[in-house]
Amino acid sequence: MLKSLETKIPPPMLTALFVFCMWVSDQYLPGSVLDEAVRLSMAIGLASFGALFSILGVVSFVKAKTTVNPLQPEKAGTLVTTGIYQYTRNPMYLGMLCVLLAWGVFLANGFSLVLAVLFVPVLNFLQIIPEEKAMELNFREHYTTYKAKVRRWF
């Protein structure tokens, strides 16, 4: 059943689902005693990094004139390996993770942070691994070489 969901849920929608689940957990589970100013500063910093990673990833795709549609990874026309992509193979998803972590820090709820961390294996299974298979078919040894040099997340 889960295999049928591969590349069917847009990652931004999956991120929004996690944001909602984190909010629900914050409503029903006790929070932290961490100072609000500290939480807000940390959350803004993480969210800013997340936005930067995501924007740099999208800009790199646009410059390369390749698709940013995560539901059809097989339509990628160019393998982007420069810019932010020389440091992470998934800057847009790393950005989404940073935003989730920022939300969890802001909520100051331990379970929310656990949910943010669980985003990684869920996204790996539903999106990243299927994308990597498509990239290997499209770009063969070029992608294999790139994959050996650059980590999936960071």
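Residue numbers (the numbering used here): 17 to 170. In this text, a Cβ means the ideal position worked out from N, Cα and C, and glycines have one as well.
Quiz item: Looking at C-beta atoms only, is the number of pairs between the segment 73-89 and the segment 42-57 that lie closer than 8 Å three or more?
Solution: Between the segment 73-89 and the segment 42-57, the count of Cβ pairs shorter than 8 Å is below three; the stretches do not touch.
Self-check item: Collapsed DSSP secondary structure at ASP51 in the structure displayed
Solution: Position 35 of the sequence shown, counted from the first residue, corresponds to residue 51. The answer is coil: DSSP assigns ASP51 none of H, G, I, E or B.
Quiz item: Does the distance from the C-beta atom of GLY111 to that of GLY73 stay below 8 Å?
Solution: Working through the sequence shown from its first residue, we reach residue 111 at position 95. Working through the sequence shown from its first residue, we reach residue 73 at position 57. In contact: GLY111 and GLY73 (Cβ atoms closer than 8 Å).
Self-check item: the segment 100-117 in contact with the segment 131-141 per 3-pair CB rule at 8 Å
Solution: yes
Self-check item: Closest Cα partner of PHE170 within the set SER48, LYS149, LYS91, PHE69
Solution: Translated into the one-based positions of the sequence shown, residue 170 becomes position 154. Checking every option, the nearest Cα to that of PHE170 belongs to PHE69.
Quiz item: Are the Cβ atoms of THR23 and PRO86 separated by less than 8 Å?
Solution: As a working note, residue 23 is residue 7 in the sequence shown. As a working note, residue 86 is residue 70 in the sequence shown. Cβ distance < 8 Å, so THR23 and PRO86 count as in contact.
Quiz item: Using DSSP with H/G/I as helix, E/B as strand and the rest coil, what is TYR103?
Solution: Reading the sequence shown from its first residue, position 87 is the one you call residue 103. Coil, per DSSP.
Quiz item: If you draw a straight line from the alpha carbon of PHE65 to that of ASN154, how long is it in whole angstroms?
Solution: Here residue 65 refers to the residue found at position 49 of the sequence shown. Here residue 154 refers to the residue found at position 138 of the sequence shown. Counting only the Cα atoms, ASN154 lies some 30 Å from PHE65.
Quiz item: Under the three-state reduction of DSSP, which class applies to ARG167: helix, strand or coil?
Solution: Translated into positions along the sequence shown, residue 167 becomes position 151. Coil, per DSSP.
Quiz item: What residues in its chain sit with their C-beta under 8 Å from that of LEU21, if we drop five residues either side in the sequence?
Solution: Sequence index remark: in the sequence shown, residue 21 carries index 5 (1-based). Excluding sequence neighbours, LEU21 sits near LEU142.
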